[in-house]
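All remarks here apply to the structure that follows.
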């Protein structure tokens, strides 16, 4: 417990606790040797939020993230004029399960776990996030995958669904993310928010890490967030 | 991986990894001083499976385990001619979140986690099981609470729901329990099974720990199961 009354920390995963750029660019380089792996990874990631938004808008039926990533992967492959066979496609989609954690992530989660229930709250499925956690030694108490609610952030059902699952009020949950849109949505549904700076998320391309004065916390990494929270 | 192809271990919690008798009898003794705490705890526990079965039979609507335990608690209090106020009732129902693990449980789960995805698969809710895990340092990868499926074991939806959530086949999951009925149900839906002996589950009253030749494994505790599985 703490001055804000927060009991649960809900962490975004892709970008906030893991370095998708390094993981995916590396997987692309290994799997499709003759392509600009960094550009390919960025293009793929840039198609992530839009296709989830189409699901939430009702334009596409709900499907697991792996299925949506398979679809956008083939769009990107077409842009780069690359033909992917089934094994390559599967290897690349599965690579999202083995992207590396940021150097502070595993220890930061472990430290924050002393005083808070720590959860992944991600658009990945429970199975994907379980593999990611085992790969990186993330000691989550609970894995909040999108398949629990069959909705994608920033849908209300995900943020409030986690609070309901943990039998707490929304304002007893603090969303931790490096994406202000995720935090803005969380706050609109009553959650507290903490911004984590990840200037290298896009592999050297500029990223806005200014956050917002509306956030309850702003930290350069999870260890600093733990310090600010007295863990 | 292993010769059976099992990827996931699904653990029953009340009795298999935790000692409900000691935890609940202790809570009763603290909360209701003038009652036979051991007899009260056994009577309460004996009303657990029947009320869940009534939910699965459609006689009662699905409700969280805490709500069902509150109902049976008041039945037991009436049997023992005890009047419980709201604070006492809440304290006793919450005591199921803080029952102690068996001495081998935390280390056994940790050792098995090296080679298997380790999950709670329990009739408790995710929130209850999260509190239990934090209290006992159970390093679950995934917490399979009954509220994920709004069904209680031995319903098919729980066993097969966990397999689906983890994106594996039922025969890639092994149920680990000290109750043969739980294992028989799991096996009927295609899961593998391992019986764990817990002769003291009922606090000195006799318990049948013979298991069944149909189980894939039979072990005196989780450390021995880990040894048998080569972890």
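Protein chains in written order, with full-length UniProt numbering: chain A, 1 to 231; chain B, 1 to 231.
Don't be surprised by glycine CBs; every beta carbon is placed ideally from N, CA and C.
Computed from a prediction, not measured in an experiment: that's the story for all the values here.
Per DSSP, residue 218 (chain A) is not a residue of any alpha helix (DSSP H); the beta strand (DSSP E) it occupies stretches across 217–219. It is roughly 18 angstroms from the alpha-carbon of residue 186 (chain A) to the alpha-carbon of residue 142 (chain A). Cβ contact annotation for residue 151 (chain A) (same chain, cutoff 8 angstroms, sequence separation greater than five): 56, 62, 157, 158 and 161, in chain order. C-alpha of residue 171 (chain B) to C-alpha of residue 17 (chain B): approximately 22 angstroms in a straight line. For residue 126 (chain B), the residues of chain A that pass the 8 angstroms Cβ criterion are 142, 165 and 166, in the order they occur in the chain. Comparing C-alpha distances from residue 91 (chain A) to each of A:117, A:30, A:59 and A:103 shows the shortest one belongs to A:30. DSSP places residue 158 (chain A) in the uninterrupted alpha helix (DSSP H) bounded by 156–165.
Residue 107 (chain B) and residue 76 (chain A) have their alpha carbons spaced roughly 46 angstroms apart. Residue 144 (chain B) sits in a strand when the DSSP states are folded into three classes.
Bounds of the beta strand (DSSP E) holding residue 193 (chain A) are 192–196.
Residues of the region 100–119 of chain A with a C-beta atom less than 7 angstroms from some C-beta of chain B are 117, listed in chain order. Non-local C-beta neighbours of residue 199 (chain B) in its own chain, meaning closer than 7 angstroms and more than five positions away in sequence, comprise 207 and 209, ordered along the chain. Contact note: residue 130 (chain A) reaches chain B through 117, 141, 142 and 166, using a C-beta cutoff of 8 angstroms and chain order.
At least one CB of chain A lies nearer than 8 angstroms to the CB of residue 148 (chain B). Rounded to whole angstroms, the separation of the alpha carbons of residue 128 (chain B) and residue 94 (chain B) is 8 angstroms. Residues of chain B with a Cβ closer than 8 angstroms to the Cβ of residue 133 (chain A) are, in chain order, 141. Comparing alpha-carbon positions, the option among B:110, B:225, B:214 and B:12 lying closest to residue 179 (chain B) turns out to be B:12. Where residue 57 (chain B) is concerned, there is no enclosing beta strand (DSSP E), because DSSP gives it neither an H nor an E.
The DSSP-derived three-state label of residue 10 (chain A) is strand. Closest option to residue 201 (chain B), judged by alpha-carbon separation, among B:24, B:8, B:97 and B:65: B:24. The residue from B:41, B:217, B:34 and B:47 with its alpha-carbon nearest to that of residue 3 (chain B) is B:217.
Straight through space, the alpha carbons of residue 104 (chain A) and residue 78 (chain A) are spaced by roughly 36 angstroms.
Looking at the DSSP output, residue 174 (chain A) bridges to A:9 and A:192.
In this structure, the straight-line span from the alpha carbon of residue 219 (chain A) to that of residue 130 (chain B) is close to 27 angstroms. No Cβ-Cβ contact shorter than 8 angstroms links residue 126 (chain A) with residue 10 (chain A). Burial is judged here by how many other beta carbons sit within 10 angstroms of a residue's own beta carbon; residue 34 (chain B) has fewer than 16 and is exposed. Secondary structure of residue 101 (chain B) (DSSP, three-state): strand.
For the pair residue 89 (chain A) and residue 41 (chain B), the Cα-to-Cα distance works out to about 55 angstroms. Within the same chain, 77 come within 6 angstroms of residue 84 (chain A) by CB-CB distance, once the 5 residues on both sides are set aside. In the DSSP annotation of this structure, the continuous segment of the beta strand (DSSP E) that includes residue 121 (chain B) starts and ends at 117–121. Between residue 52 (chain A) and residue 123 (chain A), the CB-CB gap stays under 8 angstroms.
DSSP places residue 95 (chain A) in no alpha helix (DSSP H); its state is neither H nor E. Under the DSSP definition of a beta bridge, residue 130 (chain A) lacks any partner.
Counted as a single uninterrupted DSSP element, the alpha helix (DSSP H) harbouring residue 31 (chain B) occupies residues 20–31.
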